[in-house]
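Asks: Provided herewith is a single structure, encoded as structure tokens, for subsequent inquiry.
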């Protein structure tokens with residue numbers, strides 16, 4: 003009896019290892035701690051969502067609120083651009099729309115608002131694409147989930163920039179003498195470039211950092227810095243706090259209890275609601291531009 007050649011033993015060992023590595027792994031087979039660790043280390047994997055047709059339909063349907071949030075911000079940006087044009091006409095003495103310009107509204111950067119609007123639309127597109135991908139296509143779902151997380155990170159960067167600028171502009175306009183906390187928050191170009199570069203590799207960390215900046219802007223806006231709709235903003239802040247807390251809970255709960263139904267859809271709804279109420283805190287009530 004002779005032993006098999008060493009070369010055959012090595013080839014069989016490599017083949018067995020390759021087949022083990024290629025075998026699909028259900029994320030639910032991991033522990034909750036492992037799933038949360040993967041998210042924290044920016045390894046989202048395929049995710050535990052879309053386990054049946056009901057959840058898939060719910061997750062795709064609840065991606066729509068992000069489109070609505072983006073549409074709302076884009077409408078605000080268009081109205082702000084129109085007001086800026088009318089102010090420019092009046093200041094130049096052209097006599098156009100001079101009686102329709104509302105000077106009670108401080109000028110805001112409509113380009114930043116427009117970028118935020120399209121970023122929120124991008125979040126909706128990325129989420130819908132991920133949830134429509136079949137679970138059997140593990141590589142595709144992993145890629146689309148990373149795209150989804152990257153879209154959220156980029157949207158959070160656009161949000162912190164636009165909201166911080168808007169709240170600072172209102173506070174600076176209301177204060178003849180600058181006071182503490184009334185400065186306009188603008189992200190440096192180096193910060194934005196670094197954020198874009200890091201969003202692909204560390205989307206969750208980027209989202210957390212810029213969401214924290216947005217929360218500061220929401221709080222300042224809710225305090226009524228530079229605005230005359232204090233009650234509206236205070237009510238919006240209370241709703242935002244409740245929605246943001248619920249969104250954080252559902253985000254973690256999905257990883258802790260992966261078999262509980264519709265947790266991801268609940269995260270979609272509460273996350274979009276937190277964004278919508280936060281927009282009211284920072285930008286105030288939407289005021290359409292005067293008709294031309």
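In this note's numbering, the protein residues as written are 3 to 294.
Here a beta-carbon is modelled for each residue, glycine too, at the ideal position from N, C-alpha and C.
(1) Does the segment 145-164 touch the segment 196-205, meaning 3 or more C-beta pairs lie closer than 8 Å?
(2) Assuming residue 160 and residue 215 are in contact, meaning their beta carbons sit under 8 Å apart, how far apart are those beta carbons, in whole angstroms?
(3) Beta carbon of residue 112, beta carbon of residue 58: below 9 Å?
(4) Are the beta-carbon atoms of residue 164 and residue 284 separated by less than 9 Å?
(5) Identify which residue in 114, 167, 273 has its Cα closest to the Cα of residue 254.
(6) Checking 9 Å against the spacing of the C-beta atoms, do residue 235 and residue 249 come in under that value?
(7) I think residue 256 touches residue 41, with their Cβ atoms under 8 Å apart; what is that distance to the nearest whole Å?
(8) For residue 282, does the three-state DSSP call read helix, strand or coil?
(9) Below 9 Å between beta carbons: does that hold for residue 122 and residue 72?
(10) Under DSSP, the alpha helix (DSSP H) around residue 130 begins and ends at which residues?
(11) By DSSP, does residue 223 sit in helix, in strand, or in coil?
(12) Using 10 angstroms around the beta-carbon of residue 262, count the other beta-carbons present and answer buried if the total reaches 16, otherwise exposed.
(13) Count the other C-beta atoms from every protein chain shown that fall within 10 angstroms of the C-beta of residue 55, then say buried if there are 16 or more, exposed otherwise.
(14) I'd like to check one pair, residue 60 with residue 267: are the Cβ atoms closer than 9 Å?
(15) Cα-Cα, which of 211, 209, 210, 240 is closest to residue 221?
(16) Comparing alpha-carbon positions, which option in 39, 38, 62 lies nearest residue 270?
Replies: Straight from the coordinates:
(1) Contact between the segment 196-205 and the segment 145-164 is present, with at least three C-beta pairs closer than 8 Å.
(2) Not confirmed; about 11 Å, so no contact.
(3) No, they are not a contact pair.
(4) Less than 9 Å separates the beta-carbon of residue 164 from that of residue 284.
(5) For the residues 114, 167, 273, the minimum Cα distance to residue 254 belongs to 273.
(6) Contact: no.
(7) Residue 256 to residue 41, Cβ: 10 Å. No contact.
(8) DSSP, reduced to helix, strand and coil, places residue 282 within a helical segment of the structure shown.
(9) Their beta carbons are under 9 Å apart, which means residue 122 touches residue 72 by this criterion.
(10) Annotation: the continuous alpha helix (DSSP H) that includes residue 130 extends over 112-134.
(11) Looking at residue 223 - three-state DSSP - the assignment turns out to be helix.
(12) When all chains shown are included, residue 262 counts as exposed.
(13) It counts as exposed.
(14) In this structure, residue 60 lies closer than 9 Å to residue 267 by Cβ.
(15) Minimum Cα distance to residue 221 is reached at 240.
(16) The shortest Cα separation from residue 270 among 39, 38, 62 belongs to 62.
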